[in-house]
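The structure under discussion appears below in the form of structure tokens.
2 protein chains.
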Amino acid sequence: MNILIKNAVIITMDSESPIVKGDIGIKGQTISFVGKDNTFTPDRIIDAKGNIVMPGLVNAHTHTPMSLLRSYADDLNLQQWLFDKIFPIEDTFTEDDIYWASMLSCVEMIQSGTIAFADMYFLNKGTAKAAIQSGMRANICRGLQCFEDKPSFEDDERMCEALELYREFDGSGDGRVKIDLSPHAVYTNTPKYLEYIANMAGKLGAGVHTHISETFVENEECIKKHGMTPTALLDSAGFFKTRTIAAHCVYLTDEDVNIFREKDINIVHNPTSNLKLASGIAPVGKYMQAGINVALGTDGAASNNNLNMFEEIHLAALLQKGVNKNPTDISAEDALKMATINGAKALGLKNTGVLKAGNNADLIIINIDKPHLTPYYNAHALVAYSVQASDVESVMVGGKFLMEKGQIKTLDVEQITYEIKKKGDRIRCHM
Amino acid sequence: MNILIKNAVIITMDSESPIVKGDIGIKGQTISFVGKDNTFTPDRIIDAKGNIVMPGLVNAHTHTPMSLLRSYADDLNLQQWLFDKIFPIEDTFTEDDIYWASMLSCVEMIQSGTIAFADMYFLNKGTAKAAIQSGMRANICRGLQCFEDKPSFEDDERMCEALELYREFDGSGDGRVKIDLSPHAVYTNTPKYLEYIANMAGKLGAGVHTHISETFVENEECIKKHGMTPTALLDSAGFFKTRTIAAHCVYLTDEDVNIFREKDINIVHNPTSNLKLASGIAPVGKYMQAGINVALGTDGAASNNNLNMFEEIHLAALLQKGVNKNPTDISAEDALKMATINGAKALGLKNTGVLKAGNNADLIIINIDKPHLTPYYNAHALVAYSVQASDVESVMVGGKFLMEKGQIKTLDVEQITYEIKKKGDRIRCHM
Chain A
19 MNILIKNAVI
29 ITMDSESPIV
39 KGDIGIKGQT
49 ISFVGKDNTF
59 TPDRIIDAKG
69 NIVMPGLVNA
79 HTHTPMSLLR
89 SYADDLNLQQ
99 WLFDKIFPIE
109 DTFTEDDIYW
119 ASMLSCVEMI
129 QSGTIAFADM
139 YFLNKGTAKA
149 AIQSGMRANI
159 CRGLQCFEDK
169 PSFEDDERMC
179 EALELYREFD
189 GSGDGRVKID
199 LSPHAVYTNT
209 PKYLEYIANM
219 AGKLGAGVHT
229 HISETFVENE
239 ECIKKHGMTP
249 TALLDSAGFF
259 KTRTIAAHCV
269 YLTDEDVNIF
279 REKDINIVHN
289 PTSNLKLASG
299 IAPVGKYMQA
309 GINVALGTDG
319 AASNNNLNMF
329 EEIHLAALLQ
339 KGVNKNPTDI
349 SAEDALKMAT
359 INGAKALGLK
369 NTGVLKAGNN
379 ADLIIINIDK
389 PHLTPYYNAH
399 ALVAYSVQAS
409 DVESVMVGGK
419 FLMEKGQIKT
429 LDVEQITYEI
439 KKKGDRIRCH
449 M
Chain B
19 MNILIKNAVI
29 ITMDSESPIV
39 KGDIGIKGQT
49 ISFVGKDNTF
59 TPDRIIDAKG
69 NIVMPGLVNA
79 HTHTPMSLLR
89 SYADDLNLQQ
99 WLFDKIFPIE
109 DTFTEDDIYW
119 ASMLSCVEMI
129 QSGTIAFADM
139 YFLNKGTAKA
149 AIQSGMRANI
159 CRGLQCFEDK
169 PSFEDDERMC
179 EALELYREFD
189 GSGDGRVKID
199 LSPHAVYTNT
209 PKYLEYIANM
219 AGKLGAGVHT
229 HISETFVENE
239 ECIKKHGMTP
249 TALLDSAGFF
259 KTRTIAAHCV
269 YLTDEDVNIF
279 REKDINIVHN
289 PTSNLKLASG
299 IAPVGKYMQA
309 GINVALGTDG
319 AASNNNLNMF
329 EEIHLAALLQ
339 KGVNKNPTDI
349 SAEDALKMAT
359 INGAKALGLK
369 NTGVLKAGNN
379 ADLIIINIDK
389 PHLTPYYNAH
399 ALVAYSVQAS
409 DVESVMVGGK
419 FLMEKGQIKT
429 LDVEQITYEI
439 KKKGDRIRCH
449 M
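As you go down the protein sequences, you meet chains A and B in turn.
Numbering-wise, the first sequence is residues 19 to 449 according to the working numbering.
Numbering-wise, the second sequence is residues 19 to 449 according to the working numbering.
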């Protein structure tokens, strides 16, 4: 099927022509042209007058099923939040919970313009099935934890789960689903187990997704225990040889920054979650100036409390300005890069994140014919500072609409919210 | 007319019963009861099942007509932004520009759940007329500036404009519109002119709306020039004897905080604007602990770039946690107080901000039957962290719907956006 999207303002994220006023031609799963091409013969024409078309957003760090715990526990100390609230209720979760919560999150992500996400959780088959059904792209990983060394890790339960997930789902959904390996964090794993994971990642050639230096305390304790920062410890354990997603990175040292640059590690900035859990504000302006790829994520909905990437774009652009007292830090365009092309790189999506001929037709259509988006002067600034998630009208992945004119095409929203409300009633009894 | 809003989750902001599941009865302009009253005979029944009803939001510091400059100039140094971009284009503004831009802002504010605003700008008759037509409540003031002393200020052009505005519009729109007096800031006025304004405010018994300690440089220069902080200078000039709205307050000293508490001065926190213009982050947690009333505002759309109070609520709750490394700072409920009851106090709206019998029927209805607001556990957290402006379905002021089920009732949205687009075309030529 050939689709022609006409008369749009196109934010391409292509440095050669960042803004194009014109058309996009889509042939099957791929962008055929951006601009004008009178030789293109469309089967279907979509008039995008009064709309901005841009690459779909990439949520590069989340815990998808935690939407089931949205507003379950807030404004608490981290220890109380985790140990008294989150961990006990997570212990009750079944694969059915994970499946429906992931379905709910896919709906929310699609409705807010997200086309791909990197997920870390457990019982992940539910998330993989949801990703396949939704039509989204997803990197999924089983968070690995091991507090005690064993003579051999070969029958380690969590790794067995991770490997089964890898065998069953890596490359599934027509290649949309990838399985990464995930050391949850340095403070939840022994150095030997970290080496074991790093070896396995190398053997499989799999990507790695982990939390690094989220809190000041994490750094302090790691240095005290191992004489190294979390980054140095992971490096010494043999990580960073395959594509790596490093979430948070609020407290990287200059030496860590050098390792990140040398090993081309992808940072994921989670501004809302870092503020809400009182972790701090990651100096991502500095990281970007050092040449490191910085993507954006929402973290889980329990510490956000949503999966709205427009809020993260907005915060990413605002926070560095205020904290560094420099209004030119992280321009609107930089913030959009973080949420698109940089996120795509972090997830290893080679042909996503830039609208240009030959790339995947992974895009969103935003209706800017609204009072809060009027008048129109500058597309990058309008999207970064004024557009709301609810202004996204259509979402396309690989040439297929996941949402069109506000209607989700791939999932049954009514059934999903029905199932989630039932589960919410059960969870409310634990409060 | 008696209106019964049924089956809602009601966030009252009344400390005696913060959350009520039940009904609200409205008789004319006033709330008749909150909870259950079988003796109430409604002329109209609205089923609010799956909805949260709460007090309408108060935007306690904005420059309404600046929506005409949304995304006109961003990511620039303050001097370049103000002197090269904002001031030159503002010099071209006519009262017709102000009127239509204020109309646009009223639409945006109503659509995002705001029922009252405190505005500082010029050619304010346009704003007053828009406020009257929109049905919103508004405190409007002419920003006063005077860089050179004169033997007498009696024929001062700006003050004459302010007094004419006061005479013509104070108490207009059935009492919905109030006119305050506004020394723009200490750095744009001589001490003698400040005394003149303070005297005039005292004479009229008018409220005062000003910017205080927005930037570090403002404080430094004021101390260098006058040997006092901006707060102390205004105090010595005779201010703070009538209700005062003090916007920003990023850099109050401990002595300033004492003056604020003693004189019951209302602080307006503008988190987005303070970040975007790189002013810094106001320590509002500390101010609230000191017992000062802290409200919330968007500032103008040129430094935000919208008038969405939900974003300010969200940021107010998040920022103090991250900066103070304390996840219990500014709870969800505190952030909602800032945007409702505290804002109402700042604007002198005695019967607004709390849903209880006898108060004005100034409320909003939020549809929470949406995927990104599911499941439901906690109303305050859901509104502060997850609700989006676009989830507001209905807005009522004094018992009258300004918006119902997404339809603006008091303004012609199509005509307003048509007029603004024409003006945008003119302004674009200056870019």
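We put the CB at the ideal spot given by N, CA and C, even for glycine.
Problem set entry | Start-to-end residues for the beta strand (DSSP E) that takes in B:V431 | Residue 431 of chain B sits at position 413 when you count from the first residue of the second sequence. For B:V431, there is no enclosing beta strand (DSSP E); the residue is part of the alpha helix (DSSP H) that begins and ends at 431-446.
Problem set entry | Sequence-distant residues of its chain with Cβ nearer than 7 Å to A:I434 (five each side left out) | Residue 434 of chain A sits at position 416 when you count from the first residue of the first sequence. Excluding positions up to five away in sequence, the list reads W118, M121, L122, V125.
Exercise. For B:P345, is the classification buried or exposed, using 16 other Cβ atoms within 10 angstroms of its Cβ as the cut-off for buried?
Worked result: Position 327 of the second sequence, counted from the first residue, corresponds to residue 345 of chain B. Burial call: buried.
Exercise. Under the DSSP definition of a beta bridge, which residues are partnered with B:E422?
Worked result: Here residue 422 of chain B is taken as the residue at index 404 of the second sequence, counted from 1. In the DSSP output, where bridge partners are listed per residue, B:E422 has B:Q425.
Exercise. Under a Cβ-count criterion, where at least 16 other Cβ atoms within 10 Å of its own Cβ denotes burial, should A:H398 be classed as buried or exposed?
Worked result: Stepping through the first sequence from its first residue, residue 398 of chain A is reached at position 380. Buried, since its Cβ has 16 or more Cβ neighbours within 10 Å.
Exercise. Is it the case that the Cβ atoms of A:G245 and A:E213 are separated by a distance below 8 Å?
Worked result: Reading the first sequence from its first residue, position 227 is the one you call residue 245 of chain A. Reading the first sequence from its first residue, position 195 is the one you call residue 213 of chain A. No, they are not a contact pair.
Problem set entry | Neighbour flag for B:D188 against chain A, beta carbons, 8 Å | Reading the second sequence from its first residue, position 170 is the one you call residue 188 of chain B. Closer than 8 Å: no.
Problem set entry | Three-state class that DSSP yields for B:K168 in the structure shown | As a first step, residue 168 of chain B must be located in the second sequence, where it is residue number 150. B:K168: coil per DSSP, three-state reduction.
Problem set entry | B:R446: contacting residues in chain A (beta-carbon distance under 7 Å) | Along the second sequence, one-based indexing puts residue 446 of chain B at 428. Within chain A, the residues near B:R446 are Y395.
Problem set entry | Nearest neighbour of B:G376, chosen from B:S33, B:I348, B:I44 [CA to CA] | Here residue 376 of chain B corresponds to residue number 358 of the second sequence, with the count starting at 1. Among B:S33, B:I348, B:I44, the Cα nearest to that of B:G376 belongs to B:I44.
Exercise. Where does the unbroken alpha helix (DSSP H) through A:E126 begin, and where does it stop?
Worked result: On the first sequence, position 108 is the one that residue 126 of chain A refers to. That run of the alpha helix (DSSP H) goes 113-129.
For this session: Identify whether A:G161 lies in helix, strand or coil by the three-state DSSP scheme.
Result: If you number the first sequence from 1, residue 161 of chain A lands on position 143. Strand at A:G161.
Problem set entry | Burial state of B:N430, where buried means 16 or more other Cβ atoms lie within 10 Å | Here residue 430 of chain B is taken as the residue at index 412 of the second sequence, counted from 1. Looking at the sequence provided, one finds Asp at residue 430 of chain B rather than Asn. B:D430 comes out exposed.
Exercise. What first and last residue would you give for the beta strand (DSSP E) that runs through A:M414?
Worked result: Within the first sequence, numbered from 1, the residue matching residue 414 of chain A stands at position 396. DSSP places A:M414 inside the beta strand (DSSP E), whose first and last residues are 410-415.
Problem set entry | Beta-bridge pairing of A:F257 - partner residues as DSSP gives them | The residue labelled residue 257 of chain A in the question sits at position 239 within the first sequence. BP columns for A:F257 are empty, so no partner.
For this session: Using a Cβ-Cβ cut-off of 8 Å, state whether B:L318 counts as contacting chain A.
Result: As a position in the second sequence, residue 318 of chain B is number 300, starting the count at 1. It should be pointed out that residue 318 of chain B corresponds to Gly in this sequence rather than to Leu. Chain A contact via Cβ: absent.
Problem set entry | Cross-strand partners of A:V372 (DSSP beta bridge) | As a working mapping, residue 372 of chain A is identified with position 354 in the first sequence. Paired residues: none, contrary to the question.
Exercise. Since B:A334 is in the alpha helix (DSSP H), which residue starts that stretch and which ends it?
Worked result: Against the second sequence, residue 334 of chain B aligns to sequence position 316. Counted as a single uninterrupted DSSP element, the alpha helix (DSSP H) harbouring B:A334 occupies residues 327-342.
For this session: Would you check if the stretch 389-407 of chain A and the stretch 353-362 of chain B touch, i.e. whether three or more CB-CB distances between them fall below 8 Å?
Result: Touching, no, given that fewer than three Cβ pairs across the two stretches are closer than 8 Å.
Exercise. Going along the chain, which residues of its own chain have a beta-carbon closer than 7 Å to the beta-carbon of A:S254, five neighbours each way excluded?
Worked result: Against the first sequence, residue 254 of chain A aligns to sequence position 236. Correct list, in chain order: M246.
For this session: Could you list the residues in the stretch 69-97 of chain A with a C-beta less than 9 Å from some C-beta on chain B, going in chain order?
Result: Per Cβ criterion, the list reads S85, L86, L87, R88, S89, Y90, A91, D92, D93, L94, N95, L96.
Problem set entry | Endpoints, beta strand (DSSP E) assigned at A:A402 | Along the first sequence, one-based indexing puts residue 402 of chain A at 384. Counted as a single uninterrupted DSSP element, the stretch harbouring A:A402 is not any beta strand (DSSP E), since DSSP gives it neither H nor E.
For this session: Quick one: residues in its chain with C-beta nearer than 7 Å to the C-beta of B:K54, no 5 flanking neighbours on either side, listed in chain order?
Result: Your numbering for residue 54 of chain B matches position 36 in the second sequence. Contacts found: G40, D41.
Exercise. Would B:G303 pass as a contact of B:M84 if the rule is Cβ separation under 8 Å?
Worked result: Taking the first residue of the second sequence as position 1, residue 303 of chain B is located at position 285. Taking the first residue of the second sequence as position 1, residue 84 of chain B is located at position 66. Not a contact, by the Cβ cut-off of 8 Å.
Problem set entry | chain A residues whose Cβ lies nearer than 9 Å to that of B:I197 | For this step, residue 197 of chain B is matched to residue 179 along the second sequence. Those within 9 Å of B:I197 in chain A number zero; the least Cβ separation is about 26 Å.
For this session: Could you name the residues of the stretch 340-373 of chain B whose beta carbon sits closer than 7 Å to any beta carbon of chain A, in the order they occur along the chain?
Result: Answer in chain order: G340, K343, N344, P345, T346, S349, A350.
Problem set entry | Range of the contiguous alpha helix (DSSP H) that encloses B:L471 | The requested residue 471 of chain B does not occur in the structure, where chain B is confined to residues 19 to 449.
Problem set entry | Contact set for B:D347: own chain, Cβ-Cβ below 6 Å, skip 5 residues either direction | Taking the second sequence and counting its residues from 1, the one referred to as residue 347 of chain B is at position 329. Within the same chain, G303, Q338, K339 come within 6 Å of B:D347 by CB-CB distance, once the 5 residues on both sides are set aside.
Problem set entry | Presumed contact (8 Å Cβ cut-off) between B:I230 and B:A265, rounded CB distance | Position 212 of the second sequence, counted from the first residue, corresponds to residue 230 of chain B. Position 247 of the second sequence, counted from the first residue, corresponds to residue 265 of chain B. The C-beta distance from B:I230 to B:A265 rounds to 7 Å, short enough to fall under 8 Å.
Problem set entry | Neighbouring residues, chain A, relative to B:K294 (Cβ below 9 Å) | Translated into positions along the second sequence, residue 294 of chain B becomes position 276. Going along chain A in sequence order, the residues near B:K294 (Cβ under 9 Å) are A335, L336, K339, G340, P345, Y403.
For this session: Could you check the C-alpha separation between B:I107 and B:K294 for me, to the nearest Å?
Result: Start at 1 with the first residue of the second sequence, and residue 107 of chain B comes out as number 89. Start at 1 with the first residue of the second sequence, and residue 294 of chain B comes out as number 276. Going from the Cα of B:I107 to the Cα of B:K294 covers about 20 Å.
Exercise. Listing by chain order, which chain A residues have their CB less than 7 Å from the CB of B:K299?
Worked result: Position 281 of the second sequence, counting from 1, holds the residue named residue 299 of chain B. Sequence check: residue 299 of chain B is Ile here, not Lys. Within chain A, the residues near B:I299 are G340.
For this session: Could you check if B:I285 is buried or exposed, using at least 16 other CB atoms within 10 Å of its CB as the buried criterion?
Result: On the second sequence, position 267 is the one that residue 285 of chain B refers to. That one is buried.
Problem set entry | Proximity below 8 Å, CB of B:L325 to CB of B:T80 | By 1-based counting over the second sequence, the position of residue 325 of chain B is 307. By 1-based counting over the second sequence, the position of residue 80 of chain B is 62. Yes, these two residues count as a Cβ contact at 8 Å.
For this session: Would you mind telling me which residues of chain B sit closer than 8 Å to A:G442, beta carbon to beta carbon, in chain order?
Result: Residue mapping note: residue 442 of chain A aligns to position 424 of the first sequence, counting from 1. Chain B residues near A:G442: T392, P393, Y394, Y395.
Exercise. Within this structure, are the beta carbons of B:L100 and B:I63 separated by less than 8 Å?
Worked result: Taking the second sequence and counting its residues from 1, one reaches residue 100 of chain B at position 82. Taking the second sequence and counting its residues from 1, one reaches residue 63 of chain B at position 45. Between B:L100 and B:I63, the C-beta gap is not smaller than 8 Å, which leaves the two residues out of contact.
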